[in-house]
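In what follows, a single structure is set out as structure tokens and then discussed.
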Amino acid sequence: MPELPEVETIRRALDDRLVGRRVVRAILHRRDMLILPGDPPGGFSRSNTEAKPKRFTRGRLLQDARIERTLRHGKQLAIAGDDGRTVCVHLGMSGQLLLVQPDDGGESLGHVHAEWAFDDGTRLLFRDPRRFGGLWSFPSVEDLRRARWDGLGPDGLSLTARQCSRALAATHRPVKGVLLDQSRIAGVGNIYADEALFASGIRPTRPGDSIAKGEASALAREIRAVLRRAIRAGGSSLRDHRTPFGDPGSFQLSHKVYGRAGAPCGRCRTTLKGERLAQRATVFCPACQH
DNA sequence: CTTATGACCTGATAGC
DNA sequence: TGCTATCAGGTCATAA
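Numbering follows our numbering, in which position 182 of the first sequence is assigned residue number 225; successive positions increment by one, without gaps.
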């Protein structure tokens, strides 16, 4: 579920609370949720989870490190220790990172696959019921970048007109498909793709190479704007998204098209159209978007 | 190269 | 109450 704004909301909270703290205990409850360098990229096997040596696990999870900084690129988050060790977190569809205090019982939560205890008593839980997400461990931020982030497109939050135009001009695919392709533009998912296309008056089905420079520029501006506004609202909470403190975001209240097929367009009252594009539910205004 | 499809998982919801 | 089908914010492998 989490797209860039949800991940950034989580990153900011973790940055506030964890930088400077020392990891006094790291526990991996499900080994197959941690992917190590050398594991097959992305397609690690869920079945041979018992084949990997367990003794390295805690070191891989920042045990004894002091948290130095947090990073994000697109929908991926990373926590880096003062010795360089870095854990990358991808939340998939249902992943959450939750901060719990000794007195509030986060114990009742299911699907907690990893947890970290800090020197001030705070615990960070990684839970992910659907297990589409995962943790990746690296000896340094540089290794993380090389292995995972170099393959991603420019981050949506700072997407320039030129970058947007370049991504679109290179392909004949539908523009929505390009926005969802993390190797082209990083961080935009199904919600914000539809919202940004509506805001810029572009039909999701338009081939990328049919988008004029001026349109691409407007699209880049609307992508940045919608992501920025969503971050300010703490993200969209349709179901699972929570800040690390357990609070939902509120940007779902500001969605103009996502989830509103059949309802009137807020700008022209035409009935919003819902269809399936790039295998995803897609909503647009047939009158406002060309 | 592109596009479509199914797979990976669980849980919520709607309909019977 | 319970069964089944459908759907979900994401990606990956495979095939056409």
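Note that CB positions come from ideal geometry on N, CA and C, so glycine has one too.
If you're wondering where the values come from, they're calculated on a predicted model, not measured in any experiment.
Can you give the Cα-Cα distance for residue i and residue j, rounded to whole angstroms?
i	j	result
residue 123	residue 268	28 angstroms
residue 142	residue 158	10 angstroms
residue 234	residue 179	26 angstroms
residue 316	residue 305	6 angstroms
residue 243	residue 328	11 angstroms
residue 3	residue 280	Nothing can be reported for residue 3, as the shown portion of the chain is limited to 44 through 333.
residue 189	residue 217	29 angstroms
residue 128	residue 173	27 angstroms
residue 183	residue 114	12 angstroms
residue 313	residue 332	11 angstroms
residue 62	residue 238	33 angstroms
residue 192	residue 247	26 angstroms
residue 309	residue 144	43 angstroms
residue 152	residue 64	24 angstroms
residue 104	residue 111	14 angstroms
residue 60	residue 108	15 angstroms
Report the CB separation of residue i from residue j in whole angstroms; it is logged as a contact under 8 angstroms.
i	j	result
residue 223	residue 232	7 angstroms
residue 181	residue 80	6 angstroms
residue 212	residue 196	Not quite, the Cβ-Cβ distance comes to about 14 angstroms (not below 8 angstroms), so this is no contact.
residue 194	residue 135	Incorrect: roughly 17 angstroms between the Cβ atoms, too far for contact.
residue 140	residue 287	5 angstroms
residue 156	residue 76	4 angstroms
residue 302	residue 47	With a Cβ gap of about 18 angstroms, residue 302 and residue 47 do not count as contacting.
residue 228	residue 120	18 angstroms between Cβ atoms; not a contact.
residue 274	residue 51	5 angstroms
residue 294	residue 276	4 angstroms
residue 171	residue 154	6 angstroms
residue 253	residue 272	28 angstroms between Cβ atoms; not a contact.
Once you ignore the five residues that flank residue i on each side, which residues in its own chain have a CB closer than 7 angstroms to its CB?
i	result
residue 236	219, 222, 223
residue 101	69
residue 284	44, 45, 49, 278, 291, 292
Quick one: what's got a C-beta closer than 6 angstroms to residue i's C-beta in the same chain, skipping five residues either side?
i	result
residue 106	66, 69
residue 250	215
residue 208	256, 259
residue 318	325
residue 206	197
residue 86	Residue placement at residue 86 is poorly supported in this model, since its pLDDT is 46, which falls under 50; the coordinates are not used for a value here.
residue 73	156
Can you find the residues in the same chain that come closer than 8 angstroms, C-beta to C-beta, to residue i, ignoring five residues on each side of it along the sequence?
i	result
residue 343	The requested residue 343 is not part of the displayed model; the chain covers only 44 to 333.
Under 8 angstroms, with one C-beta from each stretch per pair, do the stretch 163-174 and the stretch 196-212 reach the 3-pair mark? no
Just list the beta strand (DSSP E) runs in the stretch 108-173, keeping only unbroken ones of 3 residues or longer that don't cross its boundaries, in chain order. 110-116, 119-124, 129-133, 139-143, 155-161, 166-170
Completely contained alpha helix (DSSP H) runs for the stretch 214-266, where each covers 4 or more residues: 218-223, 233-242
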